[in-house]
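Take a look at the structure below.
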Amino acid sequence: MKKHFLIGLITSLLMLVSALTIVNDAQAAPPTFQAAGTAVSSIGTASPAWPAHEINDVALLFVESTGGQAATLSAPAGFVALTNSPQATGAGTAGTRITVFWARATSSSMSTPTIADAGNHVYAQIITYRGVITTCNPFDITGGGVKAVASTSVTVTGVTTTVADTLIVQAVARDNASAAAQFNSQTNANLTSIAERADAGTAQGNGGGFAVWDGVMAAAGATGDTTANIDNSVVNAFLTIALKPPTTGIPAYKSEGTADSGTGTATPAWPTHAIDDLALLFVESAGGEAVTLSDAQGFSAVLNSPQATGAGTAGTRLSVFWARATSTSMAAPTVADPGNHVYAQILTYSGVTTSGDPWNVTGGGVKAVASTSVTVTGVTTTVANTLIVQAVSRDNDSAAAAFSAQTNATLLCVSTDERTDAGTASGNGGGFAVWDDAKPTAGATGDTT
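Numbering (our numbering), first residue to last: 110 to 558.
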């Protein structure tokens, strides 16, 4: 079997899925608070669980520790640090520090992250929000600061948003050893519907805690400062997060099904879906072995599919099929045995045009010389508000993820959102990754590296 280190011969199929052809530059409704998970505290590691959630909910993981002790994740489970986090005041085991991580739910049963032992103590909780933009970072802007002199009030510095209908989430840490609520009377004339979502802490170690509240910022602009009263005289560290609503009119990634692979047929199941959701069935096989559907179940080939490099059982081939859901329990298609191996998976998208072909344009290509990078050739869209979906196959026999650092400066997020990245060691082996990003205006997408 081949033992390529990362990626071998690669073929790529670039797909663009068009949005509804209604021109609408308005933003959606502001994001909303969904649920608060159970808070945990520890003088060692801590593992706060997600509350009930749905795909595309955004989770914010808040962690309080002492001012001089960093909070890190030994098992991130998809969480990454938020811009401008952490904020801290005090050295060593004195003071307080607020650290915030975020993740977007890719299922309704997300794994629990683990916070490494910070030293003195940690206090942590996950809070989820719904109706947040489903691509890119979930925030429009963040900002933070500290109050280094103890007092019984705090002024949380504002930020300036660039889009309308943001949800302003503010977290304020404190350094006193108490599990009780401490904050009250949060006030900001520029925000509406301010509501406290969490307010507690721990007496373990030197102790500490935090409160989290949010309010709606209807128009873009300066939020102004938020003031709050505190029951005890404490120092504070704080962070403000402006969660963005989705942009109306751009399709959204919804879910990934369980991949199926082997040396015979494959029957990849649909993930959870709604009527009119679009399904894309991605199939990788050896370069010289064609993929057909022995039981199509409504799937048909996408324009410019397949793309292939290599002959016989060498190289890799990417075939893509599509179907539109006509029920909430669509039957799985069957991929016929292509010969050496097959790796197949269905991904779904919502907000796509509900009639005719779902794409505005497609394109593809190959990279026939093995290397550890790839450039996916762009296309030129003719309508606004499209979601650029790119799939790249590989020929190395590994089930592990193989791609990283996808970048395209022309697209909305610049750093694209990877939706799947895996493969199989069956036969000669192979696999693929799929990622996407939004393009709000018509025109050339540029290449993705």
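Virtual Cβ for every residue (Gly too), placed ideally from N, Cα, C.
Query: For T237 and E163, I'd like the C-alpha separation in whole angstroms.; Result: 10 Å
Query: So is V258 buried or exposed if we call it buried at 16+ other beta carbons inside 10 Å?; Result: exposed
Query: Measure the beta-carbon distance from L521 to T554 and round it to whole angstroms, keeping in mind my assumption that it falls under 8 Å.; Result: Their Cβ separation, rounded to whole angstroms, is 11 Å, which puts L521 and T554 out of contact at 8 Å.
Query: Give every residue of the same chain whose Cβ lies closer than 6 Å to the Cβ of S183, excluding the five residues on either side of it in the sequence, and list them in chain order.; Result: T223 and A225
Query: Contact between the stretch 180-198 and the stretch 239-258: three or more CB pairs below 8 Å?; Result: yes
Query: From which residue to which residue does the beta strand (DSSP E) around A263 run?; Result: It is worth fixing the name first, because residue 263 is Val in this sequence and not Ala. Start and end: F248 to V265.
Query: Given this structure, state the Cα-to-Cα distance separating K256 from A212, to the nearest angstrom.; Result: 28 Å
Query: Determine, using beta-carbon pairs with one atom in the stretch 350-368 and one in the stretch 299-317, whether at least three such pairs fall under 8 Å.; Result: no
Query: Jot down the residue ranges of each uninterrupted beta strand (DSSP E) in the stretch 373-407, minimum 3 residues, whole runs only, in chain order.; Result: 387-394 and 402-404
Query: Hey, would you say D546 sits closer than 8 Å to G419, going by beta carbons?; Result: no
Query: Once the 5 residues before and after L402 are set aside, which same chain residues still bring their CB inside 7 Å of it?; Result: F408, F430, P442, T443, V444 and A445
Query: Please state if the CB of G396 and the CB of S380 are separated by a distance shorter than 8 Å.; Result: In the sequence as presented, Ser is not what sits at residue 380; that position holds Pro. Against a cut-off of 8 Å, the Cβ pair of G396 and P380 comes out as no contact.
Query: For T525, which residues in the same chain have their Cβ closer than 6 Å to its Cβ, ignoring the five residues on either side in sequence?; Result: Q515, W544 and D546
Query: Whole angstroms are fine: how far does the CA of F541 sit from the CA of N469?; Result: 23 Å
Query: Among N537, A179, T215 and T175, whose alpha-carbon lies nearest the alpha-carbon of S394?; Result: N537
Query: Check each candidate in A346, A282, V272 and G318 and name the one with the smallest Cα separation from V325.; Result: V272
Query: Measuring CB to CB, does N315 end up less than 8 Å from T202?; Result: yes
Query: List the DSSP bridge partners of V488.; Result: V488 pairs with nothing; no bridge assigned.
Query: Within the continuous beta strand (DSSP E) that includes S502, where are the two ends?; Result: T495 to R503
Query: Based on Cα-Cα distance, which residue from N449, I455, T244 and T486 lies nearest to V392?; Result: I455
Query: Can you tell me where the beta strand (DSSP E) with F292 in it begins and where it stops?; Result: F292 to T296
Query: I'd like the list of long-range same chain contacts for H230, defined as Cβ closer than 8 Å, with 5 residues on each side in sequence excluded.; Result: S150, S151, I152, S174, T175, T311, Q313, G314, N315, G316 and G317
Query: In or out: A135 buried (at least 16 other Cβ within 10 Å) or exposed?; Result: Unreliable positioning characterises A135 in this predicted model, as indicated by a pLDDT of 43, which lies under 50. A coordinate reading is not provided.
Query: According to DSSP, simplified to helix, strand and coil, what is M219?; Result: coil
Query: Comparing C-alpha positions only, which one of N299, I350 and N345 sits nearest to A331?; Result: N299
Query: Exposed or buried, what is V172 when buried is set at 16 or more other beta-carbons lying within 10 Å of its beta-carbon?; Result: buried
Query: Roughly how many whole angstroms lie between the Cα atoms of L389 and G448?; Result: 22 Å
Query: Pick helix, strand or coil for A553, following the three-state DSSP scheme.; Result: strand
Query: Ordered along the chain, which non-local residues of its own chain (more than five positions away) have a Cβ less than 8 Å from that of Q178?; Result: G201, T202, R206, A227, G228 and N229
Query: Could you pull out every residue in the same chain whose Cβ sits closer than 7 Å to the Cβ of T130, ignoring the five residues on either side in sequence?; Result: Because T130 sits at a pLDDT of 28, beneath the cut-off of 50, its placement in the model cannot be relied upon, and the following sentence gives the value as read from the coordinates. Excluding residues within five positions, the ones whose Cβ falls inside 7 Å are T462 and V492.
Query: In the DSSP assignment, what are the bridge partners of Q625?; Result: Because the chain in this structure spans residues 110 to 558, residue 625 falls outside the shown range and cannot be described.
Query: Determine the closest residue to D323 out of N345, V281, D340 and S364, with distance taken between C-alpha atoms.; Result: V281
Query: Using 8 Å as the threshold, is the C-beta distance between V344 and T198 below it?; Result: yes
Query: Compare the C-beta of G397 with all C-beta atoms of chain D and state if any pair is closer than 8 Å.; Result: No chain D appears in the structure shown, which is made up of a single protein chain.
Query: Less than 8 Å between the beta carbons of S507 and Y452, yes or no?; Result: no
Query: Taking the beta strand (DSSP E) that V281 falls in, what are its first and last residues?; Result: T275 to R283
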